[in-house]
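Residue numbers (this note's numbering): 2 to 167.
The beta-carbon is built from N, C-alpha and C at its ideal position, and this holds for glycine as well.
One structure is given below, encoded as structure tokens.
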Amino acid sequence: MLHRASFQSKLGDMILLSDEEALLGLWFADQNFFGANYQLDQADDVQNVPLKLTLRWLNDYFAGLNPDPFAIPIRPEVTTFRKAVYHELQKVPYGETTTYGELSDKLQAKQTSKTNKARAVGGAVGHNPITLIVPCHRVIGSDGALTGYAGGIERKKALLQLERQN
2 MLHRASFQSK
12 LGDMILLSDE
22 EALLGLWFAD
32 QNFFGANYQL
42 DQADDVQNVP
52 LKLTLRWLND
62 YFAGLNPDPF
72 AIPIRPEVTT
82 FRKAVYHELQ
92 KVPYGETTTY
102 GELSDKLQAK
112 QTSKTNKARA
122 VGGAVGHNPI
132 TLIVPCHRVI
142 GSDGALTGYA
152 GGIERKKALL
162 QLERQN
């Protein structure tokens, strides 16, 4: 059974989706790929443990308290590669940034594949179904430029500014 909740952030309404064990999705309601792979209208509005934990986490995040991204059980329904990307993203410290290339290098060091991962990393980051907890907004271009974010560049800029202020 799927459960959903909403959260009103200072940067826009957010939708949370979980099953009984883990968070499956967290999106800004107006972002690209919102609710991808799920039929959100079939989820009920019962707030279970993963949703309650996530709502508390979001309150702490927007209060500038740097909550632990690993405190929320997540289970994005994505490929093994994308799960590895998201796990690496969760290690990027609050208030800091990384590049697609740096993420790719970290993943490359852990795998034997010689394929160009930077493009695949970009695809994973761009389709992240669990925003903020998997902090894809912390990924920037190799030249320091703010690059695409499913929630919009202005929101990405605001998230990075929020983190740098705290």
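From residue i to residue j, what distance separates their C-alpha atoms?
| i | j | result |
| --- | --- | --- |
| H138 | Y95 | 11 Å |
| F35 | F29 | 7 Å |
| G174 | R156 | Outside the modelled stretch of the chain, which goes from 2 to 167, sits residue 174, for which no answer is possible. |
| T113 | D106 | The predicted position of T113 is uncertain, since its pLDDT is 45 and thus under 50; no value can be drawn from it. |
| D46 | P130 | 19 Å |
| I154 | K11 | 16 Å |
| F1 | A146 | Since the displayed the chain opens at 2 and closes at 167, residue 1 lies outside it and no answer follows. |
| A37 | L108 | 25 Å |
| V126 | N49 | 27 Å |
| V122 | L161 | 20 Å |
| R120 | H128 | 13 Å |
| E21 | T81 | 22 Å |
| A159 | R165 | 10 Å |
| L163 | A110 | 32 Å |
| R5 | L104 | 31 Å |
| G124 | P74 | 23 Å |
Taking Cβ positions, are residue i and residue j nearer each other than 8 Å?
| i | j | result |
| --- | --- | --- |
| N167 | G65 | yes |
| D61 | P70 | no |
| R76 | A23 | yes |
| Q40 | A151 | no |
| A79 | P136 | The question names Ala, yet the displayed sequence has Val at residue 79. Their beta carbons are not under 8 Å apart, which means V79 does not touch P136 by this criterion. |
| L27 | I134 | yes |
Looking at residue i and the ligand FMN, is the gap between the Cβ and the nearest heavy atom below 7 Å?
| i | result |
| --- | --- |
| L66 | Looking for the ligand FMN in the displayed structure turns up nothing, as the structure carries no ligands at all. |
Our contact map puts residue i next to residue j with C-beta atoms below 8 Å; I'd like the distance itself, whole angstroms only.
| i | j | result |
| --- | --- | --- |
| P51 | S7 | In fact, because the Cβ distance is near 15 Å, the residues do not count as touching under 8 Å. |
| L3 | Q43 | 6 Å |
Tell me, please, whether the stretch 96–111 touches the stretch 127–143 by the rule of three or more beta-carbon pairs shorter than 8 Å. Three or more beta-carbon pairs separated by less than 8 Å link the stretch 96–111 to the stretch 127–143, which places the two stretches in contact.
Between the stretch 81–89 and the stretch 46–61, are three or more C-beta pairs nearer than 8 Å? Flag = no, the stretch 81–89 and the stretch 46–61 do not touch.
Report the start-end ranges of each alpha helix (DSSP H) in the stretch 57–125 that is 4 residues or longer and not cut off at the edges. You should have 81–91 and 101–111.
Minimum length 3: unbroken beta strand (DSSP E) runs contained in the stretch 128–167: With a minimum length of 3 residues, there is no unbroken run of beta strand (DSSP E) contained wholly in the stretch 128–167.
Beta strand (DSSP E) runs wholly inside the stretch 13–55, at least 3 long, in chain order: Runs of the beta strand (DSSP E) spanning 3 or more residues and lying entirely within the stretch 13–55 occur at 13–19 and 24–29, in chain order.
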